[in-house]
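Some notes on the structure that comes next.
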Amino acid sequence: MAWPYHLLDLTDEQKHERRLLLDQYGVYAQLSAFIPILAYQLYRLAIWVSSERQRSKVNYSAIPSSPTLKRSRASTAGSFARSWRTTIWWLGGEFTQGWPSRGQSIAAGAWTSWLLFLCIHKTGEDYLHITKRFGVVAASQFPVHYMLSMKSQYSPLAFAFRSSHEQLNAWHRISGRIIHFFLICHAGWYINFFVQAGVVKKRLTDPVVIVGIVGFFLIDIIAVTSLERVRRWSYRVFFVLHLMIGLWLLPLLFFHAKPLRIYVIESLVLFLFDLICRNLDTVTGFATITPVPHTKLVKLKIPIPESKISRFQAKPGQHVYLSIPPASRPLFSSASWIHDFLFNPFTVAEVSDTDITLVLRALHGPTTKALSSLARLSKARPPIKIEGPLGCSQRFPNLAADYDRVLLVAGGVGSTFIIPIYLHAQEQLAAEGKSSNRVELIWSMRSAAEAIWAVDSEKENPIEEDKNVKIFLTRSNSDDHDHLDEPVPVDGSVELDELQWTEEPVKATGCRERPDLRKIVDETFRHGNEERVAVLVCGPKQMARELREQVGRWVEKGRDVYFHDESFGW
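Here the sequence shown is numbered in our numbering, starting from 3 and rising by one per residue.
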């Protein structure tokens, strides 16, 4: 098919009509964002209505093997529910390892197709019309794009989708790729127009065009530095450039084209709103920082104001963003300015009546290096800034009440997320007089030193002798000396570069090898075909991927499963 667009000589009236259509379709593209929001709300309403209807027919407090419950799940509605769960599970999987989930890929394709339609509709054969339309539609997506990046608990999209910022961040990346694609078309076709019209030299000296080229160049930098390979090479480069360019880009767009200014103002308002909310949710506490013996782990105990501690106590598995203020940087070099741009997420491992405890691994980043340096000052209590709590665990279901069996899997310091959830679930079971055997914890670590922070907790901790906790040690004492120079994996998983110790703080209650996830999952699901099972994992990506694969076999058989992956990653 021949290229249908041509350079047309339009009258002033036709140019005015084109301007109206450009503005109109930009508004259409932006308002279209309400379609998935409305669809999700209708989906939630349908789920609620369905659950209420089933609740009126079935006593869900009955044991899983009760005849009434079996008949309900064998009915037509039960068959549809199983098919729906299988479909949702399939959508949560990957087409290709390292890519977004199937559901995200399909949604991205559908959204891109819709925006393409808005770019093409009623453009006729006008080359400049479609060129400008791609730019306007791309710009119309910036406010939603900025909203997807908001980390504040007051994020409108987090509220609408009952989600958290780390889950929305995946959609932020997808949105960025879509916008970049549309801007490539817009910029490329405009350059082609300059060449075809013979005005390259003249237009490339035009301030409006120069601003547009600089803005497009900055967007290209964001796209390149957002690649996983670059983020692994230097996360601070990615973060600082992403933050600074994201802010600089707005005034460039403002002066590039007047019709885009409304989208720029909306994006700036969202950016400032998020910044203000995050600053208001940040507190400074004088932390006690200690190294965990025989490991590269660092333990921080940070006091929290009484007015805020209840938010930490409300839900286990939450995380905070930690930053180091200038008052805590006297030991750092002249590069300490970099900490003004760093806000690192760490899981809250323990909460008391007055403070929270964080356990983190000191790798090669400036934040963990700085905290390791502060940990050497045994009597120092440096001020540390904490923002939060945040995280999707705030919206977790009641695991002990809503599910018949719970399987929790942790790899290395992923236990800082899993162990608080395990202890909370056991407390719920004890309060309701139910068997503690319904919740099982699998903890895999490279060596026993990984568990010191949990065993030495000041609170009474049953981890060591708990029969429902299986600990897998994948390195023996005799192996430690041979692995002193082993590099720390880039995903921060279960590897440890440590010293030898004479007595292990915990014993392997599972075995001295990697856990057999297939066997563990099968044992969990074979307790009863009608049981509802919750599976949560926090550890390296490969562990979570393998666990999901094993759980998927049971989902395909129609089992009702809640699955959450809190894997390490970028």
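Positions of the beta carbon are idealized from the N, C-alpha and C atoms, including for glycine.
Asked: Outcome for residue 346 when other beta-carbon atoms lying within 10 angstroms are tallied against a minimum of 16; Found: buried
Asked: Touching by the beta-carbon criterion (3+ pairs, under 8 Å), the region 267-287 and the region 377-397; Found: yes
Asked: At least three beta-carbon pairs within less than 8 Å, the region 408-423 to the region 359-366; Found: yes
Asked: Residues bridged to residue 301 (per DSSP); Found: 292, 361
Asked: Residue 13 burial status per 10 Å Cβ neighbour count (16 or more: buried); Found: exposed
Asked: For residue 307, the nearest candidate out of 295, 326, 354, 267 (CA to CA); Found: 354
Asked: Sequence-distant residues of the same chain with beta carbon closer than 6 Å to residue 173, five excluded per side; Found: 150
Asked: Outcome for residue 123 when other beta-carbon atoms lying within 10 angstroms are tallied against a minimum of 16; Found: exposed
Asked: Cα-Cα separation, residue 305 to residue 325; Found: 15 Å
Asked: Cβ-Cβ separation, residue 275 to residue 266 (assumed contact under 8 Å), whole Å; Found: At roughly 15 Å, the Cβ-Cβ gap does not stay under 8 Å, so residue 266 and residue 275 are not in contact.
Asked: DSSP three-state assignment for residue 348, whether helix, strand or coil; Found: strand
Asked: Simplified DSSP assignment, three categories, for residue 208; Found: coil
Asked: At least three beta-carbon pairs within less than 8 Å, the region 405-413 to the region 308-322; Found: no
Asked: Continuous alpha helix (DSSP H) stretch holding residue 567: start and end; Found: No alpha helix (DSSP H) holds residue 567; the beta strand (DSSP E) holding it covers 563-567.
Asked: N-terminal and C-terminal residue of the beta strand (DSSP E) that residue 472 is part of; Found: 471-475
Asked: Alpha-carbon spacing of residue 249 relative to residue 219, whole angstroms; Found: 14 Å
Asked: Residues near residue 403 in its chain [Cβ-Cβ closer than 8 Å; skip 5 each side]; Found: 430, 434
Asked: Segment contact, 8 Å Cβ cut-off, at least three pairs: the region 514-528 with the region 440-447; Found: yes
Asked: Exposed unless 16 or more other CB atoms sit within 10 angstroms - verdict on residue 524; Found: exposed
Asked: Assigned secondary structure, residue 452 (DSSP; H/G/I helix, E/B strand, else coil); Found: helix
Asked: Residue 553 burial status per 10 Å Cβ neighbour count (16 or more: buried); Found: buried
Asked: Test: residue 240 CB closer than 7 Å to a CB of chain C; Found: Of the chains in the structure shown, none is chain C; there is only one protein chain.
Asked: 7 Å Cβ cutoff met for residue 272 and residue 129; Found: no
Asked: Minimum length 3: unbroken beta strand (DSSP E) runs contained in the region 388-460; Found: 407-413, 441-447
Asked: Closest Cα partner of residue 399 within the set 294, 96, 270, 164; Found: 164
Asked: 8 Å contact criterion, which residue 182 and residue 221 should meet: CB distance rounded; Found: 6 Å
Asked: Candidates 19, 394, 195, 566, of which the one nearest residue 583 by Cα; Found: Within the shown structure, residues of the chain are numbered from 3 to 572, placing residue 583 beyond reach of any answer.
Asked: Which residues DSSP lists as bridging residue 287, in chain order; Found: 386
Asked: Sufficient close CB pairs (3 or more, under 8 Å) joining the region 370-389 to the region 286-295; Found: yes
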